[in-house]
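Enquirer: Residue numbers for the sequence shown follow the working numbering, so the first one is 373 and each next one is one higher.
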Amino acid sequence: MIFDIYVKVIYIKMSNKKGTQGFNLSKTHDTSQSVYVNQLPLGLTNLFYDRNNGYITATCSQTSSSNITYTTNGKPVEYKATKLWIVGDQDPTNPLHVINGQSPFAGELIIEHTSTTGNETLYLCYPLKYTKTSTNGEVDKILNNYSDPKLAGTMALDISKDISAASKTTMVTPVYVQYNSTKISKANVLVYTNPLIISSQTIGGLKNTNPPIDMFPSDIANHNIIPLTVPGDWMECDYVPIDSEEVATLNVPLDSSAIKTGRTMSSIQTILLFIIFFFSFYFSYLILPEVYSTLAKRIIGNNVSTDISISKIYRMDLIVSAVFIVLSIILIWYGAFADIANSGDYLLAGFSIGMIYTIGYTIIQSKKMSNKKFPLE
Numbered sequence: 373m374i375f376d377i378y379v380k381v382i383y384i385k386m387s388n389k390k391g392t393q394g395f396n397l398s399k400t401h402d403t404s405q406s407v408y409v410n411q412l413p414l415g416l417t418n419l420f421y422d423r424n425n426g427y428i429t430a431t432c433s434q435t436s437s438s439n440i441t442y443t444t445n446g447k448p449v450e451y452k453a454t455k456l457w458i459v460g461d462q463d464p465t466n467p468l469h470v471i472n473g474q475s476p477f478a479g480e481l482i483i484e485h486t487s488t489t490g491n492e493t494l495y496l497c498y499p500l501k502y503t504k505t506s507t508n509g510e511v512d513k514i515l516n517n518y519s520d521p522k523l524a525g526t527m528a529l530d531i532s533k534d535i536s537a538a539s540k541t542t543m544v545t546p547v548y549v550q551y552n553s554t555k556i557s558k559a560n561v562l563v564y565t566n567p568l569i570i571s572s573q574t575i576g577g578l579k580n581t582n583p584p585i586d587m588f589p590s591d592i593a594n595h596n597i598i599p600l601t602v603p604g605d606w607m608e609c610d611y612v613p614i615d616s617e618e619v620a621t622l623n624v625p626l627d628s629s630a631i632k633t634g635r636t637m638s639s640i641q642t643i644l645l646f647i648i649f650f651f652s653f654y655f656s657y658l659i660l661p662e663v664y665s666t667l668a669k670r671i672i673g674n675n676v677s678t679d680i681s682i683s684k685i686y687r688m689d690l691i692v693s694a695v696f697i698v699l700s701i702i703l704i705w706y707g708a709f710a711d712i713a714n715s716g717d718y719l720l721a722g723f724s725i726g727m728i729y730t731i732g733y734t735i736i737q738s739k740k741m742s743n744k745k746f747p748l749e
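1) Given residue 541, which residues of its chain have a CB within under 7 angstroms of its CB, disregarding the five upstream and five downstream residues?
2) Taking Cβ positions, are residue 585 and residue 557 nearer each other than 7 angstroms?
3) Output the boundary residues of the beta strand (DSSP E) element that contains residue 431.
4) Buried or exposed: where does residue 634 fall if 16 or more other Cβ atoms within 10 Å of its Cβ makes it buried?
5) In angstroms with no decimal places, state the Cα-to-Cα distance between residue 619 and residue 511.
6) Would the segment 499-513 and the segment 421-437 be scored as touching if the rule is three or more Cβ pairs under 8 angstroms?
7) If you run the structure through DSSP and keep just helix, strand and coil, what is residue 572?
8) By the 10 Å Cβ neighbour count, where 16 or more other Cβ atoms means buried, how is residue 534 classified, buried or exposed?
9) Between which two residues does the alpha helix (DSSP H) containing residue 724 stretch?
10) What are the start and end residues of the beta strand (DSSP E) that includes residue 453?
11) Leaving out the 5 sequence neighbours to the left and right, which residues in its chain are closer than 6 angstroms to residue 739 when beta-carbon positions are compared?
12) Determine the DSSP secondary structure at residue 637, reduced to helix, strand or coil.
13) Within the same chain, show all residues whose beta-carbon is closer than 6 angstroms to that of residue 763, passing over the 5 residues directly before and after it, in chain order.
14) With distances taken from CA atoms, which of 441, 420, 490 is nearest residue 516?
15) Where DSSP assigns a beta bridge to residue 406, which residues make up the other side?
16) Residue 658 by DSSP, collapsed to three states: which one?
17) Taking the alpha helix (DSSP H) that residue 466 falls in, what are its first and last residues?
18) Measuring only the C-alpha atoms, how far is residue 470 from residue 638?
19) According to DSSP, is residue 422 part of a helix, a strand, or is it coil?
20) By Cβ distance, which residues of its chain are closer than 8 angstroms to residue 680, with the 5 residues on each side in sequence left out?
21) Check each candidate in 700, 495, 442 and name the one with the smallest Cα separation from residue 561.
22) Tell me whether residue 511 sits in a helix, a strand or coil according to DSSP, three-state version.
Encoded structure:
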């Protein structure tokens, strides 16, 4: 209660001093600009509390894909996060952003981004709203643990969780307020209008003594309202390596119904494959010798000597073996090395033909060993 009253008093003083209602969200939306934020978890290093300036700051680890795609007049620019600040509202001389004359926020999360070309800078600002109810949000984790030796060296910020939680507390569709910083040359500033909810009392001791950007530029009326990018309105995708840390992982409990169902289906498939293989081998054992014997008799014919018969059978075996072996090798080679569509089908066909030949050869040779007159009996 005391904290809320103190914040309101500070706001009244600042509003009287500035004589402004801040950014006007009723302005016509600028459809020539768009912002796409790739809300990946940000790795944070060098996290510490700058007591001289009254804010918490950290360095953002570089990600493989961009964090923001900012498009103006059809020209997209990719940005990656480099640094962040968490500032408070305890410095009347340096107030935070004011939006539509709203009561002041308890603080702001400011994330600096540098373009992939290295010559442009963009700052993305998230207002922070204090509540007494515990939120256990991502920003709260930083505010509560910045001094923990185990966490101060490195942490992670998944801002998407706080944004999702904040969206449940308001019915107003957020937008981005964009303006050009007069404090930093060529710097764009984007302010997300839906405040993130925090519960850490640490925010009450933070200041905005030396902000990285000007919160109240001299030409404050010269700002743009950019609507959020709606899924389906954009088709640009970022490539993320499959072994990257940015790829989300689906964690499924070992005793879940999905795992149990998968195991059952896998067992059934194994049993069915064994049954199919058994019957295939059984019918091959019954049918193949008769087919082989009939084919051999047609090739050899009648009234020929034993030596000629053996020679013809040998050549027949050689030709049939060569056809099956060469065909299976060609299919396997195409499937493994050739740049063709459906390569998996070629591999499967090659291995299947090779297996059929192996089974047939084994059956025929075993029949010859058990019956010396086969296939001429």
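For every residue, glycine included, the Cβ atom is placed at its ideal position computed from N, Cα and C.
Expert: Let's see:
1) The count along the sequence shown starts at 1 and reaches residue 541 at position 169. Hits under 7 angstroms: 569.
2) Counted from its first residue, the sequence shown places residue 585 at position 213. Counted from its first residue, the sequence shown places residue 557 at position 185. No. Outside cutoff.
3) On the sequence shown, position 59 is the one that residue 431 refers to. 427-432 is the span of the beta strand (DSSP E), which, as asked, contains residue 431.
4) Here the question's residue 634 lines up with position 262 in the sequence shown. The residue in question, residue 634, is exposed, as its Cβ has fewer than 16 Cβ neighbours within 10 Å.
5) In the sequence shown, residue 619 corresponds to position 247, counting from 1. In the sequence shown, residue 511 corresponds to position 139, counting from 1. Residue confidence is low: residue 619 scores 46 on pLDDT, short of 50, so the model does not pin down where it sits. Its coordinate-derived value is still stated next. Rounded to whole angstroms, residue 619 to residue 511 spans 22 angstroms at the Cα level.
6) no
7) Position 200 of the sequence shown holds residue 572. Coil.
8) Position 162 of the sequence shown, counted from the start, is the residue given in the question as residue 534. Residue 534 is buried by the Cβ-count criterion.
9) Within the sequence shown, residue 724 is the residue found at index 352, counting from 1. First-last of the alpha helix (DSSP H) with residue 724: 715-742.
10) Position 81 of the sequence shown, counted from the first residue, corresponds to residue 453. Segment 447-460, the beta strand (DSSP E) holding residue 453.
11) Residue numbering aside, residue 739 sits at position 367 when the sequence shown is read from its first letter. For residue 739, where only same-chain residues beyond five positions count, the Cβ hits under 6 angstroms are 661, 746.
12) The sequence position of residue 637 within the sequence shown is 265, counting from 1. The answer is helix: DSSP assigns residue 637 an H, G or I state.
13) Because the chain is modelled from 373 through 749, residue 763 falls outside the range shown and cannot be assessed.
14) In the sequence shown, counting from the first residue as 1, residue 516 sits at position 144. Answer by Cα proximity: 420.
15) Locating residue 406 in the sequence shown gives position 34, counting from the first residue. According to DSSP, which records beta bridges pairwise, residue 406 is partnered with 443.
16) Here residue 658 refers to the residue found at position 286 of the sequence shown. Correct three-state label for residue 658: helix.
17) For the purposes of this step, residue 466 is taken as the residue at position 94 of the sequence shown. Premise fails: residue 466 is in no alpha helix (DSSP H) and is neither H nor E.
18) Taking the sequence shown and counting its residues from 1, the one referred to as residue 470 is at position 98. Taking the sequence shown and counting its residues from 1, the one referred to as residue 638 is at position 266. In a straight line, the C-alpha of residue 470 is about 59 angstroms away from that of residue 638.
19) Working through the sequence shown from its first residue, we reach residue 422 at position 50. Strand at residue 422.
20) In the sequence shown, counting from the first residue as 1, residue 680 sits at position 308. Only 672 meet the Cβ criterion.
21) Your numbering for residue 561 matches position 189 in the sequence shown. Among 700, 495, 442, the Cα nearest to that of residue 561 is on 495.
22) Position 139 of the sequence shown, counting from 1, holds the residue named residue 511. In the structure shown, residue 511 sits in a helix (DSSP, three-state: H, G or I).
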